[in-house]
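A.B. asks: Position one of the sequence shown corresponds to residue 10 (the working numbering), numbered consecutively onward.
C-beta: ideal position from N, C-alpha, C; glycine also.
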Amino acid sequence: MFLTDNNKKSFKAIILLNEMINGNHKFKTIDNGDDKVLEPLFIDLMAKGYVKTAGINYEVAPKGQEVFDTFMKRYTEYLKVYDIFSFVDLEKGEFAFARFFDFDTDEQWASFTNDQRFDDLRIAVAIFKKIDPGEIVFMSFINENRFDTTANGWQMDLASDNNWKEIEEICRTAIKPEEVGEDAMVDMIGQGSELMIKLLEEEQKNNQQNNTVNYEETIVEEQTVTYYEPYYDPYYVSPIWLVPLFLW
């Protein structure tokens with residue numbers, strides 16, 4: 010099993026915290042329409058100090074904000090570090106992202122990556138680095154807007170088992186490190202990390218060419234690239250991944 014009940018509860022809580030912090034929805038402390046199905050989760054979040062009440066509404070407590078900020082740091086790293094392994098040609102040892110800047114539209118990129126020669130190694134890399142693969146798939150679902158809180162009935166979708174069964178199935182059927190081999194995994198992760206740094210540097214260069222960048226902004230960009238340089242080590246994992254998001 011890749012998803013425990015606590016995993017599911019934590020991921021559901023992240024969606025709620027995001028909606029409370031970045032969305033417009035007000036969650037009331039009394040049973041309220043479609044939100045009623047979420048009440049057990051709010052009770053747990055209240056009990057652990059992640060949310061609080063303000064009048065008749067729930068609000069994010071500082072402890073909840075801290076958890077959400079940690080998750081967003083992890084999500085940012087996912088997009089930079091792990092998503093690069095989503096399209097890998099294992100036979101040729103090639104990464105689709107090596108040609109990322111060759112395409113002008115999302116449609117062109119999607120057409121290029123929709124090729125059977127590419128395998129998804131994100132789960133294998135996560136397991137190799139001893140990171141929860143379920144969280145990696147959950148982040149990919151977020152990136153694809155699979156938890157659309159503007160859709161009717163999203164609360165029931167969040168509370169139901171459908172998404173979590175799909176995440177579990179993706180984790181179960183994904184390529185595993187032992188199928189690739191340790192030496193090959195080390196090599197592919199090393200190549201992916203080098204490509205990631207190269208893309209970050211190219212992105213920084215493009216930003217500087219297209220915008221007027223002051224000295225302080227340049228320093229921030231340089232620190233961004235520097236921050237990811239430890240990933241040259243295939244076994245490296247940032248400490249932010251080692252902190253439990255929630256303590257249930």
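Within this structure, are the beta carbons of Phe51 and Phe36 separated by less than 9 Å?
C.D. replies: Taking 9 Å as the Cβ cut-off, Phe51 and Phe36 qualify as a contacting pair.
A.B. asks: Pop quiz: Phe94 and Gly201 are said to be a contact at Cβ under 8 Å. What is the actual Cβ separation, rounded to whole angstroms?
C.D. replies: Going by Cβ atoms, the distance from Phe94 to Gly201 rounds to 5 Å, so yes, they are a contact pair.
A.B. asks: Enumerated in chain order, which unbroken segments of the beta strand (DSSP E) with a length of 3 residues or greater are wholly contained in the region 62 to 118?
C.D. replies: Here the runs fully enclosed are 66 to 69.
A.B. asks: Specify, as a first and last residue, the run of the alpha helix (DSSP H) that Ser247 falls within.
C.D. replies: From DSSP, Ser247 is part of no alpha helix (DSSP H); its letter is neither H nor E.
A.B. asks: Using a beta-carbon distance below 9 Å, is Leu208 in contact with chain B?
C.D. replies: No chain B appears in this structure, which consists of one protein chain only.
A.B. asks: Report the residue ranges of all alpha helix (DSSP H) runs contained in full by the region 163 to 235; include only those spanning at least 4 residues, in chain order.
C.D. replies: Correct list: 163 to 168, 171 to 182, 186 to 189, 191 to 219.
A.B. asks: Which one or two residues does DSSP pair with Lys37 in a beta bridge?
C.D. replies: According to DSSP, which records beta bridges pairwise, Lys37 is partnered with Asn66.
A.B. asks: Determine the contact status of Phe156 and Asp166, defining contact as a CB-CB distance below 9 Å.
C.D. replies: Yes, the pair counts as a contact, with Cβ atoms nearer than the cut-off.
A.B. asks: What residues in its chain sit with their C-beta under 8 Å from that of Lys185, if we drop five residues either side in the sequence?
C.D. replies: Taken in chain order, the residues that qualify are Ile132, Ala133, Ile136.
A.B. asks: For Leu204, I'd like the list of residues in its chain whose CB is within less than 8 Å of its CB, leaving aside the five on either flank, ordered along the chain.
C.D. replies: Closer than 8 Å at Cβ, skipping near neighbours: Ile93, Phe104, Phe106, Ala107.
A.B. asks: Would you call Glu238 buried or exposed, if buried means 16 or more other Cβ atoms sit within 10 Å of its Cβ?
C.D. replies: By the 10 Å Cβ count, Glu238 comes out exposed.
A.B. asks: Might you give, ordered along the chain, the residues of its own chain that have their beta carbon closer than 7 Å to the beta carbon of Ile39, omitting 5 neighbours on each side?
C.D. replies: Taken in chain order, the residues that qualify are Ile65.
A.B. asks: Output the boundary residues of the alpha helix (DSSP H) element that contains Asp53.
C.D. replies: First-last of the alpha helix (DSSP H) with Asp53: 48 to 56.
A.B. asks: Considering Cα atoms alone, identify which of Met55, Tyr91, Glu153, Asp129 is closest to Ala183.
C.D. replies: Comparing Cα-Cα distances from Ala183 to each of Met55, Tyr91, Glu153, Asp129, the minimum goes to Asp129.
A.B. asks: Smallest Cα separation from Asn172: which of Thr62, Val60, Ile151, Trp250?
C.D. replies: Ranking Thr62, Val60, Ile151, Trp250 by Cα distance to Asn172 puts Ile151 first.
A.B. asks: Is the beta carbon of Lys21 within less than 8 Å of some heavy atom of the ligand SAM?
C.D. replies: Within the structure as shown, the ligand SAM is missing, as the structure has no ligands at all.
A.B. asks: Taking just the CA atoms, how far does Asp53 sit from Asp170?
C.D. replies: In a straight line, the C-alpha of Asp170 is about 19 Å away from that of Asp53.
A.B. asks: Spatial neighbours of Gly143 within its chain, please: C-beta separation below 7 Å, excluding the five flanking residues on both sides.
C.D. replies: Taken in chain order, the residues that qualify are Phe11, Leu12, Asn16, Ile176, Cys180.
A.B. asks: Indicate the three-state DSSP secondary structure (helix, strand or coil) for Asp14 in the structure shown.
C.D. replies: Here Asp14 sits in helix by DSSP.
A.B. asks: Should Lys139 and Val252 be called a contact, given that it needs their Cβ atoms to be closer than 9 Å?
C.D. replies: Going by C-beta atoms, Lys139 is not nearer than 9 Å to Val252.
A.B. asks: By how many angstroms is the C-alpha of Val234 removed from the C-alpha of Leu208?
C.D. replies: Looking at the two C-alpha atoms, the distance is approximately 10 Å.
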